[in-house]
Amino acid sequence: MASGPKIRRCEKRLPEDDKQSTSSLMPENILMDLLSALGRICLADINVVKLVPLKIVNSNAAHMNGGIPFSKAFCELEIGEKRFSFGDVFRRGIDLCLDYIEGKLPDKKNDRIVLDRLVQFLTSGEKVEMDLDSLTETELTKLLANHLFGKLATSPSYIIDKNCKSKKNKSSCCCGDEECTLTGEFGDTSIGNGDVWHGTVDIIIKNNLVVEVIHEEDEPDSLGGKSAIEVKQTSAALSKNPQIIAETIVFSFLQKQWHPERDIYLTPCIGVDSSSLFVMFYDSENDVLLESTKVPLLAYEGGMMFNLEAVLVAWLTVNYIFLCTGITDGMQSLKADFFNQARNKIEIYQSKLKITNVGISTCENKYVTEDFVSSQFLLERQERINLIQQKRFASKLEREKC
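In this text, residue positions in the sequence shown follow the UniProt record's numbering: the first is 1, and each later residue adds one.
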């Protein structure tokens, strides 16, 4: 039975040439919600999105008997005591948003394009009338790629693992809108090297970002695939997931191999399931591994609107090439020790990784004390957020008196 469109689309865009344009395209209530979300990634508080440093105590990254597929990656981790705000590695992105809220647009065209993606998404009221828990991994992958990550990236193109099961109606989305088609395609998403960690990932966005979708009831559907036991173990813990850690590290080395001209090599990987997402980061230049805390995917349980905090985290991450400022001075000394773990094969990671046509050849969550680190940058931005909120609230009261 045919059904009406389920996805609301936005036609508002930032003006191409008017650099003095203000935030008038975005309703006041959305601007205030965005300010609150920005505050939650800048605050030094236990209930906000945090970055946790990880150290690899033991792993099979350089197994003597050959390469290991991502699905069988092993990492024994030591969880650091320090905590950092998520926004500390996205300082350009935070300032881009705050400037926009205060009525200023960036001079650089790339920044304006990136900002436009967020404005369009938030003003469209993007929602999906689906029960995410009822979707298979392939359906969830298609849905999130098409209606979250693809819409927030500067280009909607992406590649989904061609080995995914249930590829019927490959060009159609599963959002409930029969006219909605995928802006990406199925293809070869293999990365790595057959002599070290390697395998296929769920989604690659513009060859810049990996997304891994975890589903509790998956069956083996990839090259060198997962056993039922492995799937259950990895799905039970979206965070500290050795498969996602391995994919993040490999992709960071790939980015450094492809783009030696870059100054920043902090590379993210998004992990997502039907209820939440988180981001794993690895800096292949400084050997720093960071994991964010989980963020609810939807605004409320059983709802259909994406959680604005999740949208902000996703927007910053899919556009990290433009918005990420790399690790801070306080993170420099928190080494992951991967270079030592992979010392026998480190040259392969540094110079012999591939994307596509790659051959085939649980971590204990202990309680640790937390020492939250807040930078002067974030303290200043939090003060700025508070001032903007106060001004807008006062302005609202004045309007209501009239």
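Where is the CB? At the ideal position from N, CA and C, for every residue including glycine.
Predicted model only: the values in this text are computed from it and were never measured.
Can you list, in chain order, the residues of its chain with a C-beta nearer than 7 Å to that of Gly39? Leave out the 5 residues immediately preceding and following it. Gln382 and Ile385
What residue from Ser275, Glu291, Lys240 and Gln341 has the CA that sits closest to Pro268's CA? Glu291
Could you tell me the distance, in whole angstroms, from the CA atom of Leu26 to the CA atom of Ile101? It is Met, not Leu, that sits at residue 26 in the sequence shown. If I take the Cα positions, the gap works out to 9 Å.
Residues near Tyr265 by beta carbon distance below 8 Å, same chain, minus five either side: Ser252, Gln255, Lys256, Asp283, Ser284, Glu285, Asn286 and Gly326
Could you compute how far the alpha carbon of Met130 sits from the alpha carbon of Cys75? 35 Å
Beta-carbon gap between Val48 and Leu144 smaller than 9 Å: no
Does DSSP put Lys294 in a helix, a strand or coil? coil
In this structure, what does DSSP give as the bridge partners for His198? Pro69 and Gly192
Quick check on the burial criterion: 16 or more other C-beta atoms within 10 angstroms. Buried or exposed for Gly80? buried
Which of helix, strand or coil DSSP assigns to Glu217: Residue placement at Glu217 is poorly supported in this model, since its pLDDT is 48, which falls under 50; the coordinates still yield a value, given next. Here Glu217 sits in coil by DSSP.
Tell me which residue opens and which closes the alpha helix (DSSP H) that Cys97 is part of. Arg91 to Ile101
Exposed unless 16 or more other CB atoms sit within 10 angstroms - verdict on Gly192: buried
Beta bridge counterpart(s) of Glu212 as assigned by DSSP: Gly271
First and last residue of the beta strand (DSSP E) that includes Met280? Ser276 to Asp283
At least three beta-carbon pairs within less than 8 Å, the region 58-69 to the region 311-323: no
Do you know whose CA, among Cys42, Leu105, Ile249 and Ser157, lies nearest Ala73's CA? Ile249
Using C-beta distances below 8 Å, list every residue in its chain close to Val373, excluding the 5 sequence neighbours before and after it, in chain order. Ala44, Lys82, Arg83, Phe84 and Gly330
Beta strand (DSSP E) segment containing Lys391, residue limits: No beta strand (DSSP E) contains Lys391, which is instead part of the alpha helix (DSSP H) from Gln376 to Lys401.
In the DSSP assignment, the alpha helix (DSSP H) including Ser85 goes from what residue to what residue? Where Ser85 is concerned, there is no enclosing alpha helix (DSSP H), although the beta strand (DSSP E) it sits in stretches over Lys82 to Ser85.
If we ignore side chains and look at the alpha-carbon of each, how far apart do Ser155 and Thr293 end up? 27 Å
Val288 and Lys335 look like a contact to me (Cβ under 8 Å); what is the Cβ gap, rounded to whole Å? 7 Å
Own chain partners of Glu370 with C-beta closer than 6 Å, once the 5 adjacent residues on each side are dropped: Arg83
Cross-strand partners of Asp161 (DSSP beta bridge): Gly187
Nearest-angstrom Cα distance between Thr136 and Glu398? 51 Å
Determine whether the beta carbon atoms of Asp161 and Val201 lie at a separation below 9 Å. yes
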